[in-house]
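**Q**
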Amino acid sequence: MATRRLTAFAALGLVAAVVLADLATSTPLDPFRAPPAIALGSGQATSGAHCAALPGR
Amino acid sequence: MTTAAQPATPAGIGTRAALVGAALALSLAVAVFAGARYGFLLVIGLGFGMVLEGLRFGFAGPWRAMILRREAGGLLAQLLAIGLVALAAFPLLSSNPGELTGAHAPVGIAMVGGAFVFGIAMQLLLGCGSGTLVNAGSGNAVSLVALPFFAMGSFLGASHLFWWTDLGSLPTLAFSGTLGLTGTLLALALVAGVVWWRATPDGRSLPRRLVLAAIVVAALAVLNLVVSGQPWGVVYGLGLWVAKGVALVGADLSANPFWGATGNVERLQQSLLTDVTSLTNIGIVAGAFLVAAWRGGLAQPLQRLPARAWIATVLAGLALGYGSRLAFGCNVGAFFSGISTGSLHGWVWFAAAFLGSILGIRLRRFLGFEG
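Chains as they are written, first to last, in the numbering used here: chain A, -16 to 40; chain B, 389 to 759.
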């Protein structure tokens, strides 16, 4: 009988596939251009995107 | 989340060490190759996944328990966690407006409708925004099937978002400062009082497990805000995953008002390992997997459902994503983070999604999810 092991590994595999496909096609990672480790106290504006944010037109 | 229907055999010490080692190695690799902030965010996401699965802190289940059985513990724990985050977030946002932002969004016709639809869908799936990720990571087949459609719904909802907001929205209203914090805490206390009053005498207790979970979830949410500069969110990242896939197969998203906006174009070009909500989402799935494997929950058999329930799962997954985009967030981005950072839309989301949940619970049996 199939168990949750099958579906849990499938979930991990799904996420891993998304990340690997993205790594192959996105701008290469560059830790030397990364923002400071912590936003608070960095003096930089937030650069991330959030579900509550509506972009300007 | 993993049910406790069958006694589980916890994993051995070697397996547990391998699980923790793999999680730490993954986080370290992201920190080294992408940047320290992104490694931190993956660790925070792992923490969310571990506490949500490990201490069974959720959103859809407690709302169901309150509506069906008048058991208030889970909902009271949510309100406690939101209040704890507000205590830290309000002063942080007021004193660091350039570095930190709240989950502030306008109340509108589509926002209310989206939250209502989300409430229906989260009861059909018994998984909300965070819950679907947690449940998929711990091997729940319904959530695993729903997850890709949740992401597709999020992408489509974002693609159509401006059309929906043009139907009518109020200006964004966010409470801030000492007055805003006091009002938010009083409103949370008032809601908690009503919930406590409506609960059965046996359903009014707040178990120690949920108090601990609320404190840890709140601490992680504040850390998320401090490290990333924005509150905890889920839905944006899922829509981004699909948008990247759509762009990869040749679709041009530059003409779309949402995906063609400057910030989103940048997100589409950059790695998911530099996107805040993607990292915490990945961490939630992995953290839930880790806890489920740790305590032997993966040995449980998969549930069997009729075909109409699987069709409903697909449609509910799409509705979960689409509705949450129109509502400017799910139970995390709108309800949890919206209220805890002072946004009026978080309160409106709560009311609309709760009404949707009442309908969703009634639909579950009809669609073959129960009995």
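Here a beta-carbon is modelled for each residue, glycine too, at the ideal position from N, C-alpha and C. No experiment lies behind these values; they were computed from the predicted model shown.
#1: Kindly indicate which residue of 545/B, 439/B, 434/B, 511/B has the alpha-carbon position closest to the one of residue 714/B.
#2: I'd like to know if residue 688/B contacts chain A, where contact means its C-beta is closer than 8 angstroms to some C-beta of that chain.
#3: Identify which residue in 15/A, 20/A, 6/A, 39/A has its Cα closest to the Cα of residue 633/B.
#4: List the whole-angstrom C-beta distance separating residue 29/A from residue 22/A, where the pair is believed to meet the contact cut-off of C-beta under 8 angstroms.
#5: Just verifying my parser: in three-state terms, what is the DSSP assignment at residue 392/B?
#6: In terms of DSSP beta bridges, what is residue 562/B paired with?
#7: Does the Cβ of residue 392/B have 16 or more other Cβ atoms within 10 Å, making it buried, or fewer, making it exposed?
#8: Quick one: give me the first and last residue of the alpha helix (DSSP H) that residue 463/B is part of.
#9: Quick check on DSSP: helix, strand or coil for residue 19/A?
#10: My output table needs one value for residue 31/A: the three-state DSSP class, helix, strand or coil.
#11: Any C-beta of chain B sitting closer than 8 angstroms to the C-beta of residue 0/A?
#12: Residue 389/B CB to nearest chain A CB: under 8 angstroms?
#13: Mind checking if residue 392/B is an interface residue toward chain A, Cβ cutoff 8 angstroms exclusive?
#14: Going residue by residue through the stretch 585 to 672 of chain B, where are the continuous alpha helix (DSSP H) segments of at least 4 residues, counting only ones entirely within it?
#15: Any chance the stretch 511 to 521 of chain B sits against the stretch 530 to 546 of chain B, with 3 or more Cβ pairs inside 8 angstroms?
#16: Kindly confirm or deny that the stretch 488 to 506 of chain B and the stretch 680 to 699 of chain B touch, where touching means at least three C-beta pairs closer than 8 angstroms.
#17: Between the stretch 723 to 736 of chain B and chain A, which residues of the former have CB atoms less than 8 angstroms from a CB of the latter, in chain order?
#18: Residue 490/B to residue 553/B, Cα distance in whole Å?
#19: Pick from 756/B, 745/B, 710/B, 729/B: whose alpha carbon is nearest that of residue 543/B?
#20: Under three-state DSSP, which class holds residue -4/A?
#21: Need the endpoints of the alpha helix (DSSP H) that residue 437/B sits in, please.
#22: Would you decide whether residue 534/B is buried or exposed? Buried here means 16 or more other CB atoms lie within 10 Å of its CB.
#23: Residues of chain A with CB closer than 9 angstroms to the CB of residue 636/B, please, in chain order.
#24: Quick check: the Cα distance between residue 390/B and residue 40/A, rounded to an integer number of angstroms?
#25: In whole angstroms, give me the CA-to-CA distance for residue -14/A and residue 565/B.
#26: Have a look at residue 402/B and residue 674/B and give me their C-alpha separation to the nearest angstrom.
#27: Specify, as a first and last residue, the run of the alpha helix (DSSP H) that residue 449/B falls within.
#28: Check each candidate in 635/B, 672/B, 413/B and name the one with the smallest Cα separation from residue 654/B.
#29: Under a three-way DSSP split, which group does residue 508/B fall into?
#30: Should residue 420/B go down as buried or exposed, given a rule of 16 or more other Cβ atoms within 10 Å for buried?
#31: With contact counted as at least three CB pairs below 8 angstroms, one residue from each stretch, are the stretch 564 to 580 of chain B and the stretch 722 to 740 of chain B in contact?
#32: Where does residue -14/A fall in DSSP's three states?
#33: So residue 700/B and residue 755/B are supposed to be a Cβ contact under 8 angstroms. How far apart are they, rounded?
#34: Could you spell out where the alpha helix (DSSP H) holding residue 523/B opens and where it closes?
#35: Using 8 angstroms as the limit for Cβ to Cβ distance, is residue 31/A near chain B?
**A** Judging by the given coordinates:
#1: For the residues 545/B, 439/B, 434/B, 511/B, the minimum Cα distance to residue 714/B belongs to 545/B.
#2: Yes, residue 688/B counts as interfacial toward chain A.
#3: Each of 15/A, 20/A, 6/A, 39/A was checked against the Cα of residue 633/B, and the nearest Cα belongs to 6/A.
#4: So it is a contact: roughly 6 angstroms between Cβ atoms.
#5: With a pLDDT of 48 at residue 392/B, under the threshold of 50, the modelled position of that residue is not reliable, and the figure given next carries that caveat. Here residue 392/B sits in coil by DSSP.
#6: Beta-bridge partners assigned by DSSP to residue 562/B: 731/B.
#7: Below a pLDDT of 50, predicted positions are generally treated as unreliable, and residue 392/B, at 48, falls in that range; the measurement from the model is reported next regardless. Residue 392/B comes out exposed.
#8: Here the alpha helix (DSSP H) through residue 463/B covers 461 to 483.
#9: Of the three classes helix, strand and coil, the one that applies to residue 19/A here is coil, per DSSP.
#10: Reduced to three states, the DSSP call for residue 31/A is coil.
#11: Interface residue (Cβ-Cβ distance to chain B less than 8 angstroms): residue 0/A is not classified as such.
#12: Here the model assigns residue 389/B a pLDDT of 49, short of 50, so the residue's position is not dependable and the matter cannot be decided.
#13: Note that residue 392/B scores a pLDDT of 48, beneath 50, so its modelled location is shaky; the value from the coordinates is reported in the next line. Not one beta carbon of chain A lies nearer than 8 angstroms to the beta carbon of residue 392/B.
#14: The stretch 585 to 672 of chain B contains these whole alpha helix (DSSP H) runs: 596 to 616, 623 to 636, 650 to 657.
#15: Contact between the stretch 511 to 521 of chain B and the stretch 530 to 546 of chain B is present: 3 or more CB-CB pairs across the two stretches fall below 8 angstroms.
#16: Output reads no: the stretch 680 to 699 of chain B does not touch the stretch 488 to 506 of chain B.
#17: From the stretch 723 to 736 of chain B, only 725, 726, 731, 733 have a Cβ closer than 8 angstroms to chain A.
#18: C-alpha separation (whole angstroms): 20 angstroms.
#19: With distances taken between Cα atoms, residue 543/B lies closest to 710/B.
#20: It is helical.
#21: Its alpha helix (DSSP H) spans residues 424 to 442.
#22: Buried, because 16 or more other Cβ atoms sit within 10 Å of the Cβ of residue 534/B.
#23: Within chain A, the C-beta atoms nearer than 9 angstroms to that of residue 636/B come from 4, 5, 8, in chain order.
#24: With a pLDDT of 46 at residue 390/B, under the threshold of 50, the modelled position of that residue is not reliable, and no figure is offered here.
#25: Distance between the alpha carbons of residue -14/A and residue 565/B is about 51 angstroms.
#26: Their backbone Cα atoms lie some 18 angstroms apart in a straight line.
#27: Start and end: 448 to 457.
#28: Answer by Cα proximity: 635/B.
#29: The answer is helix: DSSP assigns residue 508/B an H, G or I state.
#30: So residue 420/B ends up on the exposed side.
#31: Verdict: yes, contact present.
#32: Residue state for residue -14/A is assigned as strand, using DSSP reduced to three classes.
#33: Right, their Cβ atoms sit about 4 angstroms apart.
#34: Per DSSP, residue 523/B belongs to the alpha helix (DSSP H) from 517 to 525.
#35: At least one CB atom of chain B sits nearer than 8 angstroms to the CB of residue 31/A.
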